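As you go down the protein sequences, you meet chains A and B in turn.
Using the numbering used here, the letters of the first sequence correspond one by one to residues -18 to 94.
Using the numbering used here, the letters of the second sequence correspond one by one to residues 2 to 116.
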Amino acid sequence: NAGVTQTPKFQVLKTGQSMTLQCAQDMNHEYMSWYRQDPGMGLRLIHYSVGAGITDQGEVPNGYNVSRSTTEDFPLRLLSAAPSQTSVYFCASSPSSMATEAFFGQGTRLTVV
Amino acid sequence: DQQVKQNSPSLSVQEGRISILNCDYTNSMFDYFLWYKKYPAEGPTFLISISSIKDKNEDGRFTVFLNKSAKHLSLHIVPSQPGDSAVYFCAASAVGYTSYGKLTFGQGTILTVHP
């Protein structure tokens, strides 16, 4: 019963490097999203997707790209990592457009030095 | 501009007593509210929710109250248990406007329940 799986769990990057955070869900949910959690800020929405081939920006999209080629996968790309992107990243999925409950992965802790 | 606010960073209660966690919101478009619980090194997990057409929802030891006129909601945990110690996030959604599962979160409140 995997749910939402994120890899890697931890990552250290140097400033300017690029990388992809992976997210996969096995619940056949149409709606997926990426959040970042920072101290004192709660979770903030980066990007979201309403289905394969369809993505849109959330509250804090700058510096991140996403794509959704399949229902199951929703990778988050950091184009040129900056120290301000040091955070914990959570991927979530939801079963329908009117659903209000999101299911979260365990998170990826990213440090940019 | 923080649309969902949890003004208490932390709360400490004794086992068996009531825990009350508070949340305020500013966006009148929000019509569905949720509480998530998060343990260290884990993702948030859904706890309880309430629609704006209700003012109370109960699930076992957990009750959420909504005061729409004050734009305020609270989570009551009775009785509190040491296993309830976690970070609690309040979240809001504009379901009537097809939220696609997008949530706006508060900053979180760290609850510590002492044995």
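In this text, a Cβ means the ideal position worked out from N, Cα and C, and glycines have one as well.
Every value quoted in this text rests on a predicted model; they were computed, and no experiment measured them.
- Going by C-alpha positions, Gln15 of chain B is about 7 Å away from Ser81 of chain B.
- Fully contained in the segment 24 to 83 of chain A are the following beta strand (DSSP E) runs of length 3 or more, in chain order: 35 to 38, 45 to 47, 57 to 59 and 68 to 75.
- The secondary-structure analysis by DSSP pairs Tyr33 of chain B across a beta bridge with B:Ser52 and B:Ser94.
- In the three-state DSSP reduction, Asp60 of chain B falls in the strand class (E or B).
- Between the C-alpha atoms of Ser86 of chain B and Ser11 of chain B there is a straight-line separation of about 11 Å.
- Rounded to whole angstroms, the gap between the alpha carbons of Phe55 of chain A and Arg17 of chain A is 15 Å.
- For Gly61 of chain B, the closest alpha carbon among the candidates B:Lys69, B:Ile49, B:Ser70 and B:Thr113 is that of B:Ile49.
- The residue among B:Leu112, B:Gly109, B:Gln108 and B:Ala93 with its C-alpha nearest the C-alpha of Ala83 of chain A is B:Ala93.
- Tyr33 of chain B sits close to Val96 of chain B, with the two beta carbons spaced by under 8 Å.
- A distance below 8 Å separates the beta carbons of Val88 of chain B and Lys39 of chain B.
- Leaving aside the five residues that flank Asp56 of chain B on each side, the residues in its chain whose CB is nearer than 8 Å to its CB run, in chain order, Phe66, Leu67, Asn68 and Lys69.
- Just so you know, the alpha carbons of Lys(-5) of chain A and Ser30 of chain A end up roughly 28 Å apart.
- The continuous stretches of beta strand (DSSP E) do not include Gln(-2) of chain A, and DSSP gives it neither H nor E.
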